[in-house]
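Chains as they are written, first to last, in the working numbering: chain A, 10 to 304; chain B, 28 to 352. A virtual CB, placed ideally from N, CA and C, is assigned to each residue, including glycine.
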Amino acid sequence: MAVTDQSDAIIVKPPSFVKRIGLDRAWIVIFAGVYLGLVVLVALFAPLLQPYDHAAQDLFEIRNPPVFMGGDWNYILGSDDLGRDVLSRVIYGTKISVVIALVGTGIGAVLGSFLGIVAAHFKGWVDDVIMMFVDAQSSLPFLIFALAVLAFFSGSFIVLVIVVGIDGWERYARLSRGMTLAGSSNTYIEAVKALGVPTWKVYARHLLPNILPALMIQFTINLPGTILLETSLSFLGLGVQPPMTSLGQMLGYGRDYLLQAPWIAVVPGLTIFFITLSISILGDWLRDHLDPSLR
Amino acid sequence: MTALVEFTKVQRTFQVRNPAAILGGKRALHAVQDVSFDIAPGQTLGLVGESGCGKSTVGKLLLGLLPPSAGDIRFDGAALSADTKDPKWRAQRRDMQMIFQNPFGALNPRLPIGRQMREVLDTHEIGTTEERDDRVIDLMRSVGLEPHIQDRYPHQMSGGQLQRVVIARALAVSPRFLVCDEAVAALDVSIQAQVVNLLQDIQEERDLTYLFISHDLEIVRHISDRIVVMYLGRVVETGDAEAVFNAPRHPYTRALMAAAPHPEPGRRKDEPLLEGDPPSPLDPPSGCVFRTRCRYAQPACGEAVPEPVSVGPDHAVACLRSHEI
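Structure follows, in structure tokens:
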């Protein structure tokens with residue numbers, strides 16, 4: 010058995026970006042986890058945490074600087090051009106962005122994985138048709154497609170979530186199809202089939218648990234992209250519509266005041282930056298810990 | 028005595044993509060051709076041959092995991108179903124089971140072994156919920172495993188233990204017939220003997236019938252009552268195990284036995300070893316499939332597939348020249 014022990018040690022995987030720049034240290038992973046935990050808490054309890062209503066205007070208090078730039082404690086993170094509290098808006102915007110990202114990525118993950126498994130199970134023409142859609146989707150510049158759809162249904166929050174969700178489904182479909190095809194040829198899948206276990210149980214108990222880690226890693230890879238897509242759409246004015254707000258929409262709004270009042274854009278910008286970075290760090294850590302070959 | 032398993036003139040052809048053609052072009056691969064044998068209840072039939080000769084395909088056909096292209100397969104007198112949607116197919120699972128070659132691959136790495144045995148009982152609704160827990164413990168004891176390790180995952184166990192789990196899982200449905208496809212090939216030699224002995228013990232206890240597929244002639248000789256030797260999808264020699272091993276009559280069987288490592292040096296060295304690889308089953312030779320590598324081949328061998336000829340009380344050879352050589 011000594012031989013196999015050695016061969017385990019020889020497996021070399023190319024280090025990910027996160028690892029190459031040394032972001033896989035334990036304290037950084039913990040920090041990323043704590044930050045994401047805070048973001049989720051803020052999203053859950055947004056109405057309780059907001060000092061002001063996110064849409065309340067006070068035209069006597071416009072462009073107040075934040076505390077660290079010499080402002081007062083009434084507006085900890087400053088106020089924007091209409092006298093709205095940036096802190097309250099970031100809290101509310103985080104909630105909306107997190108909801109869109111999670112629900113959106115969830116739609117893509119469930120739809121894509123399901124279609125991928127269906128394609129791998131039925132093979133033949135079903136596989137061909139599904140993979141044709143996958144190819145069509147991946148050859149489409151998604152942002153243009155999203156802009157067209159959103160311009161048509163302007164302002165609908167549901168449509169926005171669905172459009173954001175559709176982005177990336179083809180990656181889950183490819184992944185789950187490939188993993189299902191590879192998994193079905195495993196002896197243990199053949200074995201339980203030969204034992205007479207019904208097909209749906211073979212999928213639910215044996216195949217899915219073995220491809221789920223890969224899908225979860227794909228989820229963490231997609232999530233920052235989804236947040237950035239929502240940000241881009243809102244920045245372009247086709248995402249979340251006022252008075253509702255999201256981090257991306259705040260960023261787009263703050264662009265006009267970058268010289269006079271940089272905090273209006275910088276605060277939501279940094280929030281987005283740290284959310285996506287933390288998800289990447291955690292996703293990388295998750296990949297290392299869910300991959301049995303690295304255990 | 029009526030046979031438990033009857034395998035009559037079975038053929039199985041796979042359509043494979045022609046490696047020479049870039050576009051389309053499928054060709055027939057004859058994995059199993061005209062194979063016939065019977066297995067009597069309580070007996071062990073050893074199936075030997077080189078890799079790719081169709082041994083495993085025969086095993087799958089016998090279990091109804093693959094439908095035959097032609098021929099008749101009967102189990103206990105009734106035609107075998109190979110349609111997984113057929114309720115009869117599900118019912119057959121309780122009569123026949125398979126032991127796989129690689130125990131590391133035959134178990135789900137993410138489920139404790141106890142639950143994998145339990146799953147079979149649940150699937151076939153054997154006993155009540157409480158009885159099933161006891162049943163798992165009984166099964167583990169019957170294959171020599173301590174019941175307290177039922178919460179372990181496959182990666183926490185050795186190959187020999189895992190093969191015992193695979194055997195216990197197969198026994199969960201109380202089958203009458205087991206196909207052991209290279210059941211010990213992946214194990215260490217010291218463990219092989221233990222597992223073979225275990226298989227023999229449970230055969231006696233439970234009155235099981237085995238099809239034992241292997242390329243390890245010593246183990247086949249040890250465990251089998253009768254032998255079928257296959258080459259390139261066809262049966263070349265069948266018979267009583269001792270008769271075949273003591274006096275192999277087909278040139279292929281002789282070469283196979285000469286090639287096997289033997290503890291007594293100098294024995295059976297008169298037969299030269301085979302050279303080259305078997306021809307492709309996509310394009311088998313006409314007549315006797317072995318003639319391209321046979322040192323006794325003559326022009327007549329290419330004309331027709333030789334019919335099996337009886338050369339003893341329970342011993343048949345498919346060779347034109349069996350009476351001379």
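Just reading off the alpha helix (DSSP H) that G87(A) is part of, what are its end residues?
No alpha helix (DSSP H) holds G87(A); DSSP gives it neither H nor E.
When we look at the beta-carbon of S217(B) and count the other beta-carbons within 10 Å, is it buried (16 or more) or exposed?
exposed
For a quick check, are the C-beta atoms of V75(B) and H182(B) less than 8 Å apart?
no
Note down, in chain order, every chain A residue with its Cβ under 9 Å from the Cβ of V147(B).
V201, L204, G205, V206
Helix, strand or coil: which one does DSSP assign to F131(A)?
helix
Please compile the residues from chain A whose C-beta is within a distance smaller than 7 Å of the C-beta of R137(B).
P218, N219
Measure from the alpha carbon of I352(B) to the alpha carbon of each residue in G314(B), P278(B), P136(B), then state which is nearest.
P278(B)
Applying a beta-carbon distance threshold of less than 7 Å, which residues of chain B neighbour H215(A)?
N135
Looking only at its chain, what residues have a beta carbon closer than 8 Å to the beta carbon of V112(A), apart from the 5 residues adjacent to it on each side?
V170, G174
Close-in-space but distant-in-sequence residues of the same chain around S337(B) (CB under 8 Å, 5 per side omitted):
A343
Counting only runs that start and end within the segment 125 to 201 of chain B, where is the alpha helix (DSSP H) found for 4 or more residues in a row?
140 to 150, 156 to 169, 186 to 198
Counting only Cβ pairs nearer than 7 Å, list the residues of chain A close to F127(B).
T196, A200
Contact check, V172(A) vs L159(A) under 8 Å by CB: the rounded distance?
6 Å
Can you tell which of I246(B), H249(B), L134(B) has its C-alpha closest to the C-alpha of I194(B)?
L134(B)
Is D17(A) buried or exposed, if buried means 16 or more other CB atoms sit within 10 Å of its CB?
Caution is warranted here: a pLDDT of 42 is assigned to D17(A), below 50, making its placement in the model unreliable, and the coordinate value is therefore given only provisionally. Result: exposed.
Can you give me the C-alpha to C-alpha distance between A282(B) and G73(B), rounded to a whole angstrom?
18 Å
Answer with yes or no whether the minimum CB distance from F131(A) to chain B is below 8 Å.
no
By DSSP, does M123(B) sit in helix, in strand, or in coil?
strand
Rounded to whole angstroms, what's the CA-CA distance from Q15(A) to F64(B)? Just pull it up for me.
For Q15(A), the predicted model reports a pLDDT of 40, less than 50, meaning its position is unreliable; a value from the coordinates is still stated below. Using only the alpha carbons, I get a separation of about 46 Å.
Taking 8 Å as the CB-CB limit, is T150(B) close to chain A?
yes
Who are the Cβ neighbours of G154(B) in its own chain at under 7 Å, not counting the five residues just before and after it?
L148, R162
Just confirm the distance between the C-beta atoms of A55(A) and I100(A), as a whole number of angstroms; I'd bet it's less than 8 Å.
5 Å
Let me check understanding here. Comparing Cα to Cα, which of L53(A), Q59(A), L96(A), V51(A) lies closest to N73(A)?
L96(A)
Candidates W134(A), L120(A), G177(A), S193(A), of which the one nearest S148(A) by Cα:
G177(A)
Indicate the three-state DSSP secondary structure (helix, strand or coil) for Y258(B) in the structure shown.
strand
If you compare alpha carbons, which of I246(B), V200(B), R203(B), A199(B) is closest to A210(B)?
I246(B)
Limits of the alpha helix (DSSP H) - the one that E231(B) falls within
216 to 233
For Q42(B), name the three-state secondary structure that DSSP assigns.
strand
Those runs of the alpha helix (DSSP H) which lie wholly inside the segment 52 to 109 of chain B and span at least 4 residues:
82 to 89
List the whole-angstrom C-beta distance separating E33(B) from R101(B), where the pair is believed to meet the contact cut-off of C-beta under 8 Å.
4 Å
Hey, quick one: how far does the alpha helix (DSSP H) through I167(A) stretch, first residue to last?
166 to 175
Name the chain A residues that come within less than 7 Å of G132(B), Cβ to Cβ?
N195, T196, Y197
Residues of chain A with CB under 8 Å from L205(B), in chain order?
Per Cβ cutoff of 8 Å: no residues; L205(B) is ~12 Å from chain A at best.
Of the choices D265(A), G246(A), V76(A), whose alpha-carbon is the least far from that of G257(A)?
G246(A)
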